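Just below is one structure, and these are the notes that go with it.
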Amino acid sequence: MRQAVNKNYYTVGEYVALEQESNVKHEYIDGVIYNMSGGTPAHSLIANNIGSELRRAMRNKPCRAYNSDLALAISESQYVYPDASVICGP
Numbered sequence: 001m002r003q004a005v006n007k008n009y010y011t012v013g014e015y016v017a018l019e020q021e022s023n024v025k026h027e028y029i030d031g032v033i034y035n036m037s038g039g040t041p042a043h044s045l046i047a048n049n050i051g052s053e054l055r056r057a058m059r060n061k062p063c064r065a066y067n068s069d070l071a072l073a074i075s076e077s078q079y080v081y082p083d084a085s086v087i088c089g090p
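First residue of the sequence shown? That's 1 in the UniProt record's numbering, and the numbers climb one at a time after it.
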């Protein structure tokens with residue numbers, strides 16, 4: 001479960017600057033910065049299994065599977081760390 005850092009609103013630039021300096025992951029949703037919570041062993045196992053299947057499925061394709069270490073911009077105002085993702089193309 002995510003928890004808002006505080007009730008202030010931040011710009012994307014402020015979020016990026018915070019994230020570059022932080023040892024903890026945060027997600028940014030419409031101006032609000034959320035601390036990422038730790039996962040359970042079961043959650044980690046499921047995410048790892050999904051990532052393995054995605055990597056296998058992407059063999060010989062112009063796509064790559066990534067784990068939760070990669071932040072994704074899903075819109076101009078939303079930056080998240082999904083458990084697994086696939087990016088195709090350059």
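Every residue, glycine too, gets a C-beta built ideally from N, C-alpha and C.
Remember, predicted model here, so these are calculated numbers, not experimental data.
About 6 Å separates the beta carbon of Ala65 from that of Gly51, a gap short enough to meet the 8 Å contact definition. Contact fails between the stretch 6-19 and the stretch 34-47, because fewer than three Cβ pairs, one in each stretch, are under 8 Å apart. For Glu27, the beta-bridge partners assigned by DSSP are Tyr34. Just so you know, the alpha carbons of Asn23 and Lys61 end up roughly 33 Å apart. In the three-state DSSP reduction, Ala71 falls in the coil class, being neither helix nor strand.
Burial check for Glu27: the Cβ neighbour count within 10 Å reaches 16 or more, so the residue is buried.
Closest option to Asp69, judged by alpha-carbon separation, among Arg59, Ser75, Glu76 and Val80: Val80. Counting every other CB atom within 10 Å of its CB across the protein chains shown gives Ala84 a total of 16 or more, marking it as buried.
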